[in-house]
Amino acid sequence: MILDVYRAKFNKDFYLNTEYKNCLCGSFSSKKLFGYDRYLLKTSVVVCKNCGLIFCNPMVKKSFIENFYSSDFYRALYNNVSLEETNTNIFEDEDKEDSSNAYFSLKKYFLDRKDLNILEIGSGNNLILNHFKKMGKLFAIDFSNESKKRALNMGISFQQGGVDKIEKFDEKFDIIILSHVIEHFINFDEDILEIKKFIKKDNALLYIEVPSLDAKYNLDQFQIAHNYHFTKNTFLFHLNRLSLICIEYGVTGGGKINQWGIFKIGSRVDIKEKVNYEYQKIIKIHKKFFYDFYGTYLVKLYLNLIIKKIIGRKLTQVIKIFLSKVRKH
Ligand SMILES: [Zn+2]
Numbered sequence: 021m022i023l024d025v026y027r028a029k030f031n032k033d034f035y036l037n038t039e040y041k042n043c044l045c046g047s048f049s050s051k052k053l054f055g056y057d058r059y060l061l062k063t064s065v066v067v068c069k070n071c072g073l074i075f076c077n078p079m080v081k082k083s084f085i086e087n088f089y090s091s092d093f094y095r096a097l098y099n100n101v102s103l104e105e106t107n108t109n110i111f112e113d114e115d116k117e118d119s120s121n122a123y124f125s126l127k128k129y130f131l132d133r134k135d136l137n138i139l140e141i142g143s144g145n146n147l148i149l150n151h152f153k154k155m156g157k158l159f160a161i162d163f164s165n166e167s168k169k170r171a172l173n174m175g176i177s178f179q180q181g182g183v184d185k186i187e188k189f190d191e192k193f194d195i196i197i198l199s200h201v202i203e204h205f206i207n208f209d210e211d212i213l214e215i216k217k218f219i220k221k222d223n224a225l226l227y228i229e230v231p232s233l234d235a236k237y238n239l240d241q242f243q244i245a246h247n248y249h250f251t252k253n254t255f256l257f258h259l260n261r262l263s264l265i266c267i268e269y270g271v272t273g274g275g276k277i278n279q280w281g282i283f284k285i286g287s288r289v290d291i292k293e294k295v296n297y298e299y300q301k302i303i304k305i306h307k308k309f310f311y312d313f314y315g316t317y318l319v320k321l322y323l324n325l326i327i328k329k330i331i332g333r334k335l336t337q338v339i340k341i342f343l344s345k346v347r348k349h
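Numbering-wise, the sequence shown is residues 21 to 349 according to our numbering.
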């Protein structure tokens, strides 16, 4: 199985492919939360004791992760399919997702404008961007070969790579979309500041969407490609720190597990008080997660094993079937 082979190699080379960093707030004081991600790949997820931001430390190096994305391999890994299957259908799950939230959230700010420059960074299947085609010219950036093919078929101007490729368009933008992208950034501040250079001065907006740790805090949220994990407070605090001011905030996705904001460039305001108690909040949530995890999963597992040992496997099965029938009635 592709994941097993990859996991062994990744875990062995973990310290070669990663490096230590301070938190985005500058603090180096943190507490470790998780040692493995949801695919049992080695990681080190910590929470900052100053601002409550959750991030990977050590974090994978830029050179490693860019190879990982541009190969389209990570989609195969995460869907646990062969690379051949992946090449034909790498966006299958993403194609089924609702891609309209950015469009419906932004449309009202631009009314009937048809002359806008709209850029999506990390455009994937380009379906989010495609909603905007009547509003102006579309531009996309992604590491993926498949994304490039699709963009060209859809008439979207495309650059292959990361944030450093924006300048190649030689344009400024009215709308920039970053949907499930900034949590992957390695040089977070540098990348956001680079993006800001290409946003028009007047009335331009950014749409940023990321997973929400407020909505869901469990192992599903943690995967090695995500370097930063945001609650509402840390999401708004760290963008405000870089002078991106949130003018609208919401949640989306099944179970409201994703959060989004519309941001304009402005003067940063002091909102440090929003994250003063974030660390304590995260520790509380983390303890509850562990209590639930051990309480429900492990206790159940061992209890089952003990019962099986005492009364025998066959009798356990009979009781199980009987109980499930009783519960149905
Ligand atoms: Zn911090």
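Even glycine gets a Cβ: it sits at the ideal position worked out from N, Cα and C.
{"Item": "Proximity winner among HIS246, SER120 and LYS292, relative to LEU256 (alpha-carbon distances)", "Value": "LYS292"}
{"Item": "Through-space distance from ILE330 to GLY274, alpha-carbon basis", "Value": "42 Å"}
{"Item": "In DSSP terms, what GLY281 is bridged to", "Value": "ILE228 and TYR269"}
{"Item": "Sheet register partners of THR38 (DSSP bridge)", "Value": "VAL80"}
{"Item": "Three CB pairs or more closer than 8 Å across the region 194-213 and the region 135-144", "Value": "yes"}
{"Item": "The alpha helix (DSSP H) enclosing GLU187, as first and last residue numbers", "Value": "No alpha helix (DSSP H) holds GLU187; DSSP gives it neither H nor E."}
{"Item": "Bridge-paired residues (DSSP) for GLU140", "Value": "ALA160 and ILE197"}
{"Item": "Proximal residues to LYS185 (C-beta, below 8 Å), its chain only, five neighbours per side dropped", "Value": "ILE161 and GLN179"}
{"Item": "GLU70 Cβ short of 6 Å to ligand 1 heavy atom set", "Value": "Just to set this straight, residue 70 is Asn in the shown sequence, not Glu. Yes."}
{"Item": "Close-in-space but distant-in-sequence residues of the same chain around LYS188 (CB under 8 Å, 5 per side omitted)", "Value": "GLN179"}
{"Item": "LEU262 beta carbon near ligand 1 (any heavy atom closer than 6 Å)", "Value": "no"}
{"Item": "For SER119 and LEU147, believed in contact at Cβ under 8 Å, the rounded distance", "Value": "4 Å"}
{"Item": "C-alpha gap between HIS426 and SER232, whole angstroms", "Value": "What the structure shows of the chain is the stretch from 21 to 349, and residue 426 is not part of that stretch, so it cannot be assessed."}
{"Item": "Proximity below 7 Å, CB of GLN225 to CB of LYS284", "Value": "It should be noted that the sequence gives Leu, not Gln, for residue 225. Closer than 7 Å, so yes."}
{"Item": "Near ligand 1: LEU259 beta-carbon under 6 Å from a heavy atom", "Value": "no"}
{"Item": "Same chain only: Cβ atoms within 7 Å of ASN238, ignoring 5 sequence neighbours per side", "Value": "PHE309"}
{"Item": "Residues near ASN137 in its chain [Cβ-Cβ closer than 8 Å; skip 5 each side]", "Value": "GLY156, LYS157, PHE159, GLU191, LYS192, PHE193, ASP194, ILE195 and LYS220"}
{"Item": "Residues that DSSP places opposite ILE74 in a beta bridge", "Value": "VAL67 and HIS249"}
{"Item": "Rounded distance between the beta-carbons of THR272 and ASN121, thought under 8 Å", "Value": "5 Å"}
{"Item": "Residues that DSSP places opposite ILE219 in a beta bridge", "Value": "PHE193"}
{"Item": "Endpoints, beta strand (DSSP E) assigned at LYS51", "Value": "50-56"}
{"Item": "Ligand 1 heavy atom lying under 6 Å from the CB of CYS76", "Value": "no"}
{"Item": "As assigned by DSSP and simplified to three states, the class of GLN179", "Value": "strand"}
{"Item": "Cα-Cα separation between LEU73 and LYS29, rounded to whole angstroms", "Value": "29 Å"}
{"Item": "Beta-carbon proximity check, ILE244 vs LEU23, cutoff 7 Å", "Value": "no"}
{"Item": "Ligand 1 heavy atom lying under 6 Å from the CB of LEU233", "Value": "no"}
{"Item": "ASN278 versus TYR311, GLU203 and CYS68, residue with shortest Cα-Cα distance", "Value": "GLU203"}
{"Item": "Within 7 Å, strictly: CB atoms of THR350 and ILE327", "Value": "Residue 350 cannot be examined here, being either before or after the span of the chain that is shown, 21 to 349."}
{"Item": "Backbone CA spacing between ASN150 and VAL338 [nearest angstrom]", "Value": "55 Å"}
{"Item": "Where VAL295 falls, given that 16 or more other Cβ within 10 Å makes a residue buried", "Value": "buried"}
{"Item": "DSSP three-state assignment for LEU233, whether helix, strand or coil", "Value": "coil"}
{"Item": "Own chain, CB closer than 7 Å to LEU126, minus 5 neighbours either side, in chain order", "Value": "ILE195, LEU225, TYR227 and ILE282"}
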